[in-house]
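For reference, the structure is listed below as C-alpha cells.
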Amino acid sequence: MPDADEYRCLRRLKGHNGPVNCLLFYQNGDMLASGGDDQCVRCWEVNTGRCRQELNDDRWAQVTALDFLQEDRHLNLSPILFIGTGRGVVSMYPFSNASKGFNRQTSSTAKVFDFNDSVEVQALDSLNQRLAVASHSGRVKMFKIDRQKNVLEPLWTFEVTTDIPRSLLFYGNGNQQVLIHTLCVGWVLCREANTGSAVSEDRLDGGVGSGALSPDGRISAVHDISNAQFDLYDPPTSVKSSKTMSLPSNVPMVKRCLFAEEGGRRLVFGGDEGCAFVWDVGTGNHVQRLDHEEDSGTIYSVATFSSPDRYFIASGEATKDSEIYVWSKPTERVQLMREQEMAEAARAEEQANELRQAQAIQAARDGELARLGQMVQWMATFLSIIHTVTGPLRVHYHPVPTAFDLGSASAGGWNSEHIGQTGPTSAPSLNDARLRITVVINRVWEGGALTSREKRGVAIF
Numbered sequence: 001m002p003d004a005d006e007y008r009c010l011r012r013l014k015g016h017n018g019p020v021n022c023l024l025f026y027q028n029g030d031m032l033a034s035g036g037d038d039q040c041v042r043c044w045e046v047n048t049g050r051c052r053q054e055l056n057d058d059r060w061a062q063v064t065a066l067d068f069l070q071e072d073r074h075l076n077l078s079p080i081l082f083i084g085t086g087r088g089v090v091s092m093y094p095f096s097n098a099s100k101g102f103n104r105q106t107s108s109t110a111k112v113f114d115f116n117d118s119v120e121v122q123a124l125d126s127l128n129q130r131l132a133v134a135s136h137s138g139r140v141k142m143f144k145i146d147r148q149k150n151v152l153e154p155l156w157t158f159e160v161t162t163d164i165p166r167s168l169l170f171y172g173n174g175n176q177q178v179l180i181h182t183l184c185v186g187w188v189l190c191r192e193a194n195t196g197s198a199v200s201e202d203r204l205d206g207g208v209g210s211g212a213l214s215p216d217g218r219i220s221a222v223h224d225i226s227n228a229q230f231d232l233y234d235p236p237t238s239v240k241s242s243k244t245m246s247l248p249s250n251v252p253m254v255k256r257c258l259f260a261e262e263g264g265r266r267l268v269f270g271g272d273e274g275c276a277f278v279w280d281v282g283t284g285n286h287v288q289r290l291d292h293e294e295d296s297g298t299i300y301s302v303a304t305f306s307s308p309d310r311y312f313i314a315s316g317e318a319t320k321d322s323e324i325y326v327w328s329k330p331t332e333r334v335q336l337m338r339e340q341e342m343a344e345a346a347r348a349e350e351q352a353n354e355l356r357q358a359q360a361i362q363a364a365r366d367g368e369l370a371r372l373g374q375m376v377q378w379m380a381t382f383l384s385i386i387h388t389v390t391g392p393l394r395v396h397y398h399p400v401p402t403a404f405d406l407g408s409a410s411a412g413g414w415n416s417e418h419i420g421q422t423g424p425t426s427a428p429s430l431n432d433a434r435l436r437i438t439v440v441i442n443r444v445w446e447g448g449a450l451t452s453r454e455k456r457g458v459a460i461f
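Note that UniProt numbering has the sequence shown beginning at 1, numbered continuously upward.
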C-alpha cells in the first residue's frame with residue numbers, strides 16, 4: 001500500500017491525438033488545461049475526468065504553451081487563458097463564470113512572431129499584467145495585457161542570436177526583471193521587465209533544457225543538458241550553483257520542470273521512460289517515480305498545483321495516443337488531521353471494547369445472581385414442603401472447597417441453625433455466590449434423633 005506521503009494516480013485522461021506539449025491547472029486546481037500537437041486545447045474536470053470543453057483554431061498548428069491569468073474581482077475582470085502556438089500566434093480566451101468555460105466570442109488572437117516561428121516558451125507576470133513570449137528563432141517579446149480590450153500591447157523586443165530560449169522567468173522585487181536561459185550555449189540573460197534594458201549577461205557550464213523559479217523567487221532550478229543534472233542557483237542570477245542533483249541516465253532532455261508543494265520543496269519533471277520524477281530540493285534526493293503504463297513514451301509536459309488540502313501533479317505523454325495522468329496526495333495538514341482522527345477513533349474503539357467487556361462481566365454477574373435468587377426461591381419452596389411433612393429442620397452451610405459427606409457428622413462440622421416450626425426464616429446471602437447449601441433433614445421422634453441409616457440429606461447447588 002502506498003505511503004501517505006506518496007502521490008497516487010487520481011485520473012487518466014484520454015482524448016488527445018498526438019503528443020501533449022503543455023499542461024496547466026486552473027480554477028483552484030479543479031480544472032486542467034492541456035495542449036498538444038493535434039492543434040487542440042482540452043479542458044478537464046480533475047475530480048471526474050470529464051472533458052468539459054475543447055478549443056481549436058485553424059491558425060494555431062501545435063499548441064506549445066499555456067498560461068492562466070486569474071480574475072480581478074475589484075475591477076470585475078474575467079480570468080484569461082493564454083495559448084501559445086506553433087505558428088507564432090498567441091490567443092487570449094476570457095473565462096465565463098456563467099458558462100463555466102472559455103468564451104470563443106470574446107477571444108482574440110495576436111500575431112506575435114513570423115509564420116511558423118513557433119512559441120517556444122512564455123511566462124506570465126500577473127502582478128504587473130505582462131506576458132513574455134520567446135520564439136524558436138530566438139526572439140523575445142514583452143507585452144502589456146489590456147484586459148478591458150483583451151489585447152496585447154507591445155513593450156519591447158530582444159533577439160537572442162544563434163540560440164533558442166528555453167526558459168523565461170520573472171524575477172526580483174515586484175517582478176521587475178526577467179531571466180532568459182538558452183538551450184545550446186547556456187546563456188543567463190537578465191533584462192529589465194518594463195524596458196528590456198540589459199542587467200547582466202552570464203554563461204553557465206552547459207546548455208539549458210528547462211528552468212523554473214521557486215515560489216519565493218529565491219532559487220532557480222536549471223536543467224544542465226551537458227551533464228544530465230539539475231543545478232540550483234541562489235540567487236537565480238548567479239552562475240555558480242549552490243546545489244546539484246544528478247539525474248538518471250534516461251533523462252537526456254527536460255523540456256519542462258516545476259517546483260511543487262509547500263514552499264517549493266519538491267521539483268517535478270518528465271523523462272524518456274514513460275514516467276515523471278519527484279525530487280527533494282532540500283536534500284537533492286529522488287523521492288518518487290510516477291510511472292505511466294508501459295510503452296507510454298517520453299513525458300515532456302508536467303503541471304503542479306497546491307491547495308490547502310491536496311497536492312496535484314499532471315504528466316502528459318508525447319505519443320500518438322497520448323494520455324494524461326493526474327496524481328494527488330494530501331497535504332501535511334490533512335495527513336496530521338487524519339492521523340489525529342485515526343488515533344481518536346482507536347481510542348474510542350478501545351473505550352467501546354472496555355465498555356462492552358464491563359457490560360459482559362456485569363451481565364454475567366447479574367445472570368448468576370438471578371440464578372442464585374431462583375435457587376433460593378426453589379429452596380424456600382422445597383423447605384416449606386419438607387417442613388409441612390417432617391417438622392422442624394436444621395440447615396447447614398458449607399463453602400465449596402469443603403468436602404461434605406452427608407453420612408459423616410465429622411466432615412466440616414454441623415454448626416446447625418434451627419429453623420422454626422413455621423418454615424425457613426432466612427436465606428443464604430446472594431453475595432456469597434459460591435455457597436453450597438446442604439439441607440439435612442432430621443426428624444425428631446419423641447425427642448430423639450434418627451439413626452444414621454435414617455438420616456437423609458439433599459444438596460442444592
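Where a beta carbon is used, it is the ideal one built from N, C-alpha and C, also for glycine.
Check                                                                                                                                                                                  : Outcome
Comparing alpha-carbon positions, which option in 201, 325, 248 lies nearest residue 238?                                                                                              : 201
So what's residue 378 in DSSP terms, helix, strand or just coil?                                                                                                                       : helix
Measuring alpha carbon to alpha carbon, tell me which of 81, 126, 61 ends up nearest residue 24.                                                                                       : 81
Kindly indicate the opening and closing residues of the beta strand (DSSP E) around residue 81.                                                                                        : 80–85
Mind checking whether residue 191 and residue 143 have CB atoms under 8 angstroms apart?                                                                                               : no
With burial defined as no fewer than 16 other Cβ atoms inside 10 Å of the residue's Cβ, what is the status of residue 8: buried or exposed?                                            : exposed
Could you round the C-beta distance between residue 300 and residue 256 to whole angstroms and report it? I think they count as a contact, below 8 angstroms.                          : 6 angstroms
Which first and last residues belong to the beta strand (DSSP E) in which residue 184 is found?                                                                                        : Careful: residue 184 lies outside any beta strand (DSSP E) and carries neither H nor E.
So, for residue 275: in the same chain, excluding its five sequence neighbours on each side, which residues have a beta-carbon less than 7 angstroms away from its beta-carbon?        : 289, 290, 291, 292, 299
Report buried or exposed for residue 367, applying the criterion of at least 16 other Cβ atoms within 10 angstroms of its Cβ.                                                          : exposed
Please state if the CB of residue 46 and the CB of residue 32 are separated by a distance shorter than 8 angstroms.                                                                    : yes
Starting from residue 245, follow its DSSP beta bridges and name the residues at the other end.                                                                                        : 230
Can you say whether residue 5 is buried or exposed, counting buried as having 16 or more other CB atoms within 10 angstroms of its CB?                                                 : exposed
Excluding the five sequence neighbours on either side, which residues of its own chain have a C-beta within less than 8 angstroms of the C-beta of residue 302, listed in chain order? : 23, 256, 257, 258, 268, 269, 270, 276, 313, 314, 315, 316
Taking all protein chains shown into account, do 16 or more other C-beta atoms lie within 10 angstroms of the C-beta of residue 177, making it buried, or fewer, making it exposed?    : buried
Compare the Cα-Cα distances from residue 113 to each of 79, 146, 101, 59 and report the closest residue.                                                                               : 59
Roughly how many angstroms separate the alpha carbons of residue 52 and residue 93, rounded to a whole number?                                                                         : 15 angstroms
Is the beta carbon of residue 339 less than 8 angstroms from the beta carbon of residue 12?                                                                                            : no
Find the nearest neighbour of residue 118 within the set 359, 90, 218, judged by alpha-carbon distance.                                                                                : 90
Nearest CA to the CA of residue 336: which residue from 309, 348, 359, 160?                                                                                                            : 309
In whole angstroms, what is the alpha-carbon distance linking residue 127 and residue 69?                                                                                              : 10 angstroms
According to DSSP, is residue 361 helix, strand or coil?                                                                                                                               : helix
At what residues does the beta strand (DSSP E) containing residue 93 begin and finish?                                                                                                 : 89–96
Could you tell me the distance, in whole angstroms, from the CA atom of residue 56 to the CA atom of residue 40?                                                                       : 5 angstroms
For residue 61, tell me which candidate among 196, 376, 365, 18 has the shortest Cα-Cα distance.                                                                                       : 18
Residue 120: buried (16+ other C-beta within 10 angstroms of its C-beta) or exposed?                                                                                                   : buried
So the candidates are 206, 370, 49, 141; which of them puts its Cα closest to the Cα of residue 88?                                                                                    : 141
Just mark residue 329 as buried or exposed, buried being the case when its beta carbon has 16 or more other beta carbons within 10 Å.                                                  : buried
Does the distance from the CB of residue 185 to the CB of residue 179 come in under 8 angstroms?                                                                                       : no
Quick check on this structure: which residue in 111, 75, 160, 173 has the alpha carbon closest to the alpha carbon of residue 151?                                                     : 111
Which class does residue 263 belong to by DSSP, given the choice of helix, strand or coil?                                                                                             : helix
Could you check if residue 67 is buried or exposed, using at least 16 other CB atoms within 10 Å of its CB as the buried criterion?                                                    : buried
Tell whether a beta-carbon distance below 8 angstroms holds between residue 224 and residue 205.                                                                                       : yes
Taking the CB atoms as reference points, tell me whether residue 254 and residue 296 lie closer together than 8 angstroms.                                                             : no
Tell me which same chain residues have a C-beta within less than 7 angstroms of the C-beta of residue 10, skipping the five on either side of it?                                      : 326, 327, 328
In the DSSP assignment, find the unbroken beta strand (DSSP E) run with residue 14 in it and report its ends.                                                                          : 8–14
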